[in-house]
Each structure stands twice: as structure tokens, then as C-alpha cells.
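Chemist:
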Amino acid sequence: MEQRRHQPGRRDACATLLMAAFISHSPAETESLGERWGRAAQTGLVIGLSGDLGAGKTQFVKGVARGLGIAARVHSPTFTLVNEYGGGRLRLFHLDLYRLETRGQMVSAGLEEFLQPNGVTVIEWAERIADCGLRIADLKSLKIEIIGEMERKIIYDDFGA
Ligand SMILES: Nc1ncnc2c1ncn2[C@@H]1O[C@H](COP(=O)(O)OP(=O)(O)OP(=O)(O)O)[C@@H](O)[C@H]1O
Ligand SMILES: [Mg+2]
939 MEQRRHQPGR RDACATLLMA AFISHSPAET ESLGERWGRA AQTGLVIGLS
989 GDLGAGKTQF VKGVARGLGI AARVHSPTFT LVNEYGGGRL RLFHLDLYRL
1039 ETRGQMVSAG LEEFLQPNGV TVIEWAERIA DCGLRIADLK SLKIEIIGEM
1089 ERKIIYDDFG A
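Take 939 as the starting number for the sequence shown in our numbering and just add one per residue.
Pasting the structure below:
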């Protein structure tokens, strides 16, 4: 993942983006991080999640929904590209690209509409986008690595949430 650091003396002039990492010891802890992101989210935010099957991406999205004040239960959009949730501070668009492989599949599925959302977009298997050469201007990335039954290493763009 890319790491950008602000230049000395320009701290206020440019958006600082640093990576952060921590070990989550439970689904609830992963959800809490999502909740923090949800509370801090602003319209247009696109969150790209990566990590293996069962890593905890959907668990994180549950937290984002909670942080946005969305009461509905979050499920992975298995048979559709996107699940959309209202009722919170901002709309939440939850995408899962697991089954999409080519750029053509992503474009014809309508992916681009959700890359500049009127609300917040969270994308599981976001690495598929870069693999296909599509770019997202304002993407915050979060990667989950399985290191034990309950332990997950979470590496993310620290944008001050
Ligand atoms: N520290 C942890 N953080 C998140 N999930 C955890 C943790 N420890 C155990 N789990 C379990 O791991 C599973 C994560 O499932 P989840 O559906 O969130 O994964 P996913 O990354 O979305 O997988 P998929 O790629 O299949 O969509 C859940 O059963 C959850 O209870
Ligand atoms: Mg999932």
C-alpha cells in the first residue's frame, strides 16, 4: 500500500495520509473501528476493504453502519452488486466485488456510479478495482490479515477517525 507523508513545514497545506495498524482481538473490536470511521465519515468517502475470505470485512462494515446511525442489519450483497442503507446520517452503499474479475464486468455492473457516492461507499474486495486499472480519487484503504482464530492485523489509512 502507498504511504504518503506530509512535507516538513507544509503540515497545514496538504492532507496528511499515514498508515496505521493494530491488532483486533474480537469481532467487536473490528466493528468498533468501523464505527469510528462511520462517525467521522463525510459525503463522498469511499472505503476499500481487502483481506481473505472470513477476514472480517463485513464485520467492519457493520460498524460503519452503526457509526452512521443506520439501524438495519448489514449483510454482504451476495447476489447484487450493492446493498444500500438509509435511515442514518449519510446513505451507505455496501459493495462486494468478489465475483467481478474484469474491468468490463465492473463497468457493466455499474460500479462507477458508486465511486463518487452521494453518501459513503464501502467496497469489499476493493483490490479487484486496482487489478483492473480503475482508479478512485478519494479512497481510504483498510486491509485485514488473519493471524489467529480471533486475531486480525488491521492496516489502514489513518485519516484521523
Ligand atoms: N478480530 C476479529 N475481527 C473480525 N472478525 C472476526 C474476528 N475474530 C473472529 N472473527 C470472525 O471472522 C468472521 C469474519 O466474517 P466476515 O463475514 O466479516 O468476513 P469477510 O472478510 O467479509 O469475508 P468474505 O470475503 O467472505 O465476505 C466472523 O465469523 C467473525 O465472527
Ligand atoms: Mg464479507
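In this text, a Cβ means the ideal position worked out from N, Cα and C, and glycines have one as well.
Contact between the segment 1045 to 1052 and the segment 972 to 982: three or more CB pairs below 8 angstroms?
Modeler: No: fewer than three Cβ pairs fall under 8 angstroms.
Chemist: Can you pull the DSSP bridge partners for His1032?
Modeler: Answer is Asn1021, Val1060, bridged to His1032.
Chemist: Examine the Cβ distances between the segment 1032 to 1045 and the segment 1057 to 1072 and report whether three or more of them are shorter than 8 angstroms.
Modeler: Yes, since at least three Cβ pairs between the segment 1032 to 1045 and the segment 1057 to 1072 fall closer than 8 angstroms, the two stretches touch.
Chemist: Go to Asp1069, then tell me how far its alpha helix (DSSP H) extends in each direction, as first and last residue.
Modeler: It spans 1065 to 1069 - the alpha helix (DSSP H) in which Asp1069 sits, taken as one unbroken run.
Chemist: Is the segment 955 to 963 touching the segment 1025 to 1032, taking contact as three or more C-beta pairs under 8 angstroms?
Modeler: Taking 8 angstroms as the limit for Cβ pairs, the verdict is that the segment 1025 to 1032 does not touch the segment 955 to 963.
Chemist: Report buried or exposed for Val1045, applying the criterion of at least 16 other Cβ atoms within 10 angstroms of its Cβ.
Modeler: It is exposed - the Cβ of Val1045 has fewer than 16 other Cβ atoms within 10 Å.
Chemist: I need the DSSP call for Gly1098, collapsed to helix, strand or coil.
Modeler: Note: Gly1098 maps to coil in three-state DSSP.
Chemist: How should Phe1017 be labelled, buried or exposed, when 16 other C-beta atoms within 10 angstroms of its C-beta is the threshold for buried?
Modeler: Phe1017 is exposed by the Cβ-count criterion.
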